[in-house]
Structure formats: structure tokens, C-alpha cells
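Report on the following structure.
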Amino acid sequence: MLRFLLRRVSLVIPTFIGMTLLAFFLIRIVPGDPIETMAGERGIDAVRHAALLKEYGLDQPVIVQYGIYIGRVLHGDLGKSMITQEPVLSEFATLFPATIELAVCAILFALIIGIPAGMIAAVRRNSVFDHGVMGVSLTGYSMPIFWWGLLLILLFSVQLGWTPVSGRIAVLYDVTPVTGFLTIDSLLSGEPGAFKSAVMHLILPTIVLGTNPLAIIARMTRSAMLEVLGEDYIRTARAKGLSKVRVIALHAFRNALIPVITVIGLQVGVLFTGAILTETIFSWPGVGKWLIEAINRRDYPVLQGGLLMLGIVVMVVNLLVDVMYGVINPRIRHASTR
Amino acid sequence: MTTETLAPVPQAAAAPPGPFREFWGYFRANHGAVGGLVVVIAVLSMAAFANVLAPYPPDLTNNAAFLQPPAWQAGGSWAYPLGTDAIGRDILSRLIYGARLSLLIGIAVVALSIVVGIALGLVAGFARGFTEIAIMRMMDIILTLPSLLLAIVIVAILGPGLMNAMLAVAVVILPHYVRLTRAAVITETSKDYVTAARANGAGTLRLMFSEVLPNCAAPLIVQASLGVSTAILDAAALGFLGLGAQPPSPEWGTMLADAREFVLRAWWVVTFPGLMILITVLAFNLLGDGLRDALDPKLKR
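Note that the protein sequences, when read in sequence, are chains Z and Y.
Quick note on numbering: the first sequence equals residues 1 to 338 in my numbering.
Quick note on numbering: the second sequence equals residues 1001 to 1301 in my numbering.
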């Protein structure tokens, strides 16, 4: 087990180095030097230009610059935003809980609907329900979620007036951030109505962000269940006289869960991709919206730092999923130590 | 070398169907896939005959008809069946011309990605060792980063525009083709026919392109079809974020970005472009699923 862990963790190191290389050199591809690009059309005089080059260490050879960059990254220094002059890491840390809150709600939404739907579809294979689930799931998978968000706003916010259009909570509530998760903070604040407002703001973004994972999880659960239901031990369990519900819920579902867990782990990247779009549509103050704003303002340190941080988060989650997978399934553990 | 000499078939029944007939037989049984194919052909012909089908040029504005609703709604007219946008352009015509852009994006992106992907995959599969590790690690990194985020950063650096957006999406979907090709190459090179070809003196290039590659084609074709849908979706997302095709180009995602501010008073400018994206992407996904079922020998039982 220890060897498996060490081996798996050591695989992360080259990926991490590669990501820093990518984040570092992508910024260098910008035509002209970064100072000129950031100055934009206003231009910049030669003295100030030289001073800034020195300040950012851009007068050094590229290898040295990369070395300095790595050193800073390892000390948690991702540079400062060109616009706000705040450290990139602290801006990220402030906004990330909003993204996490949304992402967690979205994945829960996807799991709570997707797993039962996939299971029932598998058990009632080729029924109307099965075809319905598969059709809806393929549609959800093909859905341009930025359009889906607009449609939901059109229906629920504009036509029916049920949900707010944007933001995390109504402006009249002044909730002190404790955890950064507004659903929890609003409960802690004890203000009447604050929690309800936070939840109402969450509903549409959750559905929009959860649509893609929901489609993938329902499909995956169905195919994993179908495979397991054909196994001999299921027939044995039925022959022993166990009820159908018991066989499906205990014997089949537990074994079908392994591929489903892997797929859930893989959704982290999908969730962040979706979060960028969802946050833009609903003006949700998370890292996705922050990154898009950074692009519009040509704030390269934010872009560079944000790319690296999200990459690291995805990498760590994938590592955890892999390790969990090894814990659940001994065959994986042994296959990879060979 | 053929297999005809292996064993004479005693009483040959009907001649076995050719590979295409066999494929079509499987494919036809899948209604979803056939539906997908029909829609893909429809969108293709829309793109090809856009100048004949569209009632107006895509950029023609009409000062007398801003945000006119679709024909069946009060205030609409059959002059503009799907209504007009904020500066009086016919939405139907823009959607029809938009099919050209979306298909161009889908096909060009996948073509670029598949050519580079096959080349890298073949090199990784044949070279092994350090080259293989370097290529595959790079692909792992691209796969680790959220796809749209990487595409956004690439476009942010190269500058917004259709060409750069296409390039960015091509980079993002590249790892799938590299991985597929490499895996197929490694499986195939251990087979007897490759050993035989090598014993006959075939060089590495010949082995790569005329022996191994044709036998890896099936998964690549399936992935290409699914890749077109990803490319259309991602390019539309970039357009929506203002990083892809720039206005006044009638790209569907860009049209949605323009329409966003009118979501409260003109549902039609928001609804139709997205519907076109959904239908096209769905069709390519159905087609891809159907191709996989028909081409995958493991499912042919």
C-alpha cells in the first residue's frame, strides 16, 4: 500500500513541473514583452519600462526567471494583480469558497438525480423510462450550458419571478464571512431570511453547472449497473432467495459504484470549466468570473496564477480519487506496484 | 498477404457482406444514429447552400425592424420568420450562415488535432523511452487542466478571434487522439502481421502508415465524430465569452453574447442560436455513438 502511495504521489511531481512551465511560458508567448502588453495602448516611457523590467525580474535570462518563478510559487507567492495590487493567492483564496460552494451543490444535484436515474434505467432496460433517461442524458451532455443558463433565467426569473437573476445573496443582507460558504454563514448570522435568500440564489446556477455532470453520471451508472447485473454472483444472490430490491441495492450497486466514483473524480475539471461560464452568466463572485475579468483587463499575473491554482486543485483531487480507488480495489493497487 | 489460402470453406452460403455493407447494417439498426446523420446532413446542406436558402445576407440591417418578434407572435411578420435582432438583422439568415462557421470550426479543429495527434501518437508508440514519456506527460498536463480554462488562457494570450479560438480548441482536444493512437500502436505492433511485415524488410515509416495506422482507424473515426461536437461547443463557449469569432460574424456563440443584454425583453434572440448549437452538437454525438457501436468489434456479437 505504501509503495502504491509513493508511486502515485511521485507521478504528480512531473505534472506539477509541467504545469508551472506551461503557466510560465504561456505568458512569454505574448508578442512584445509583458510590460509593454500590460501598458497597452497608453504606452510607457523608456525609464519606467526599464525600472519595471527590473522589478519583475524580466531583465534576467529566461532560465533564471523560471527558477525565481518556481521559488516564489513554492513559497506561495503567485505575484500581484496588475489592477488591484493584491496578492493573486489571497484574491484566489477569497473567491474560491464561492466556486466550491457552487461546485459542491452542483455535484450533489448531479449525484442525487443521476445515480437513482441510472440505476432504474439499468434495471428496467429498454423501458420507456430507460429511453427517456438516455435521451435526456445525451441532451444534457450536448447542452451549451451558457445558453441553458439564459433559458432558465428567461423562464424562472423573468417569466415566473421565482428566483433572482444574479449574485449570491440579496444586497440587503450583510452577512459576515466566517467559512466563505454563504449558505452556512447566513445561518450563523441569524438574520431572518438571509439563508433563504442564499439558497434561492444558488438554485439556478446549481442546475446549470450540474447538468453536464448529471448527464455523465446517469450514463455511467446505467452502464456500470448493466455490466454488474449480468454477473454470476447476482444470479446466485437471486437464486439464494434474496429479494430483488436487496440484490440491486446491496450486491449490484456496491460493485457498480467503483467506475462511478472514478467518473465523479473526473468531473472536477468539467465543473471548473462549467463554473467559468456559469459564474459569468449569473454574476457569481467566484474564481471563474475573476479569471474572465482578468482576461478583459489583461491582468496576466492573475491569469497565470489562476491557471496554476486550478490546475493544482484538479491534480490533487485526481490524486485523491486514484488513492481511494486503490483502497477500494486491491487489484489496482497491486497492478501498479508491479 | 491474404487469408484466402487458410481453409477452403466447404459449402459457401451467401457471399459475406462487404465491410461497408456490414457497417451499414449495424449502423442502420440504431435509430438515434440515423437521426443524427440526417441532422448532420441537413446542417451540412444548410451551410453549403446558405446563399440560396437564407432570405437575406447575414449582415443586412433594417432600421425599421429592431427586435421584431417571430412571425407567429403578435407584432411579427413572415418577412422575418424568426424575428430580428437589436440592429434589425434577420435571425433566420444569420443562423443559416452561422452553420458554415460552426461546421468549419468543428471540421477544421478536428482535422488539425487529428493530424498532429496521429503524428505524436505514432512517434510515442514507436519510439518508446524518453520521447514517449515526454509526449505523454505533456498530454497528461493538458488533460489535467480544465479544458475551457486552458483554451481561454491560450486565446487570452494569442488575442481573441476565430482562428486563435480554433487553435486553442485544437490544443485542448489533442490528447485524446495522441492517447488513442499510441494505445492502438502498442497493441498492434505486438501482432504477427507487423512482425511479418518487419521481417519482410518494411521500414518504420512504412510500418507506421501502411501497416499499423489503417488498423487503428476505427477508434479514431469515432473520436473524430465526437470531437466535432466538442469543438463546436467549446468554440461557441469562447464566442459567448467574447474570445472567439468577433461580431458581426454570425457565429452562434457570438450571436448569444450579443443577445445577452436583451434576454429580458426579446426571448427569440437568445433562444434560437442556442437551439442550433444544441441540435448540431446532439446530432454529432448521436452519430459518434452510432459509429462506435457499429465499428467496435467487441460490441458486434
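Ideal Cβ placement from N, Cα and C applies to all residues, glycine included.
In its own chain, which residues sit with a C-beta less than 8 Å from the C-beta of Gly1035(Y), not counting the 5 before and 5 after it?
Excluding sequence positions up to five before and after Gly1035(Y), its CB lies within less than 8 Å of the CB of Ala1283, Leu1286, all in the same chain and listed in chain order.
Please tell me whether Phe1023(Y) and Ala1217(Y) are closer than 7 Å, where the distance is taken between their beta carbons.
no
Span separating the alpha-carbon of Val260(Z) from that of Leu1053(Y)
46 Å
Taking the alpha-carbon positions, what's the Phe96(Z) to Leu188(Z) distance?
20 Å
Starting from the N-terminal side, write out each stretch of the alpha helix (DSSP H) that is 4 residues or longer and does not extend beyond the stretch 159-211 of chain Z.
182-189
Among Ala1029(Y), Ser1093(Y), Ala1065(Y), which one has its Cα closest to the Cα of Asp1059(Y)?
Among Ala1029(Y), Ser1093(Y), Ala1065(Y), the Cα nearest to that of Asp1059(Y) is on Ser1093(Y).
Looking at chain B, is there any beta carbon in it that lies within less than 7 Å of the beta carbon of Asn1030(Y)?
Chain labels in this structure do not include chain B; the protein chains are Z and Y.
Closer than 8 Å, Cβ to any Cβ of chain Z: which residues of the stretch 1156-1168 of chain Y, in chain order?
Ala1156, Ile1157, Leu1158
Is the separation between the beta-carbon of Val1169(Y) and that of Asp1234(Y) shorter than 7 Å?
yes
Would you mind reading off the limits of the alpha helix (DSSP H) that contains Phe272(Z)?
253-282
Just the C-alpha distance for Thr1144(Y) and Ser1190(Y), rounded to the nearest angstrom, thanks.
Approximately 30 Å between the Cα atoms of the pair.
Taking Cβ positions, are Ile1118(Y) and Thr1204(Y) nearer each other than 7 Å?
no
Every unbroken alpha helix (DSSP H) within the stretch 1233-1294 of chain Y, with a cutoff of 4 residues, ordered by chain:
Considered as a whole, the stretch 1233-1294 of chain Y harbours 1252-1259 as its complete alpha helix (DSSP H) runs of no fewer than 4 residues, in chain order.
For Lys289(Z), which three-state DSSP category applies?
helix
Closer than 8 Å by C-beta to Gly76(Z): which residues in its own chain qualify, once you throw out the five before and the five after it? Chain order, please.
Leu89
Burial state of Ala1074(Y) (16 or more Cβ within 10 Å)
Within 10 angstroms of the beta-carbon of Ala1074(Y) lie fewer than 16 other beta-carbons, which makes it exposed.
Quick one: Cα of Gly67(Z) to Cα of Val1043(Y), how far?
51 Å
Buried or exposed by the 16-neighbour rule on C-beta atoms within 10 Å, applied to Arg222(Z)
It is buried - the Cβ of Arg222(Z) has at least 16 other Cβ atoms within 10 Å.
Quick one: is Val1270(Y) near chain Z, going by C-beta distance under 7 Å?
yes
Tell me the rounded alpha-carbon separation between Leu1112(Y) and Asn1030(Y).
30 Å
If contacts are defined as beta-carbon pairs under 8 Å, then Ile35(Z) and Leu52(Z) qualify, I think. What distance do you get, rounded to the angstrom?
Indeed, because the Cβ distance is near 5 Å, the residues count as touching under 8 Å.
Sorted by chain position, which residues of the same chain lie with C-beta nearer than 7 Å to Gln1223(Y)'s C-beta, five sequence neighbours on each side aside?
His1176, Tyr1177, Leu1180
Taking Cβ to Cβ, would you say Ser953(Y) is nearer than 7 Å to Val1172(Y)?
In the structure displayed, chain Y extends from 1001 to 1301; residue 953(Y) sits before or after that span and is not available.
Pull the bridge partners of Lys240(Z) from the DSSP assignment, please.
For Lys240(Z), which the question treats as bridged, DSSP gives no partner whatsoever.
Cβ neighbours of Glu86(Z) in the same chain (closer than 8 Å, five flanking residues each side left out):
So the qualifying residues of the chain are Lys80.
Kindly confirm or deny that the stretch 1076-1090 of chain Y and the stretch 1122-1137 of chain Y touch, where touching means at least three C-beta pairs closer than 8 Å.
Touching, no, given that fewer than three Cβ pairs across the two stretches are closer than 8 Å.
Taking the beta carbon of Glu231(Z) as the centre, do at least 16 other beta carbons fall within 10 Å, making it buried, or is it exposed?
exposed
What is the rounded straight-line gap between the Cα of Pro1057(Y) and the Cα of Val208(Z)?
34 Å
Count the other C-beta atoms from every protein chain shown that fall within 10 angstroms of the C-beta of His131(Z), then say buried if there are 16 or more, exposed otherwise.
exposed
May I ask you to list the residues that DSSP assigns as paired with Leu1058(Y)?
The question names Leu, yet the displayed sequence has Pro at residue 1058(Y). DSSP lists no partner for Pro1058(Y).
Report, in whole angstroms, the separation of the C-beta atoms of Phe1240(Y) and Phe92(Z), which I expect to be a contact under 8 Å.
The Cβ separation is near 24 Å, so there is no contact.
What residues of chain Z sit near Arg1137(Y), judged by a beta carbon separation below 8 Å?
Pro14, Thr15, Gly18
How long is the line joining the alpha carbons of Gly149(Z) and Gly1274(Y), rounded to whole angstroms?
Gly149(Z) and Gly1274(Y): Cα-Cα distance of roughly 11 Å.
Using 7 Å as the limit for Cβ to Cβ distance, is Trp1267(Y) near chain Z?
yes
At the 7 Å Cβ level, is Phe272(Z) part of the contact set with chain Y, yes or no?
yes
Distance check for Met1046(Y) and Gly1106(Y), CA to CA, integer angstroms please.
Using only the alpha carbons, I get a separation of about 15 Å.
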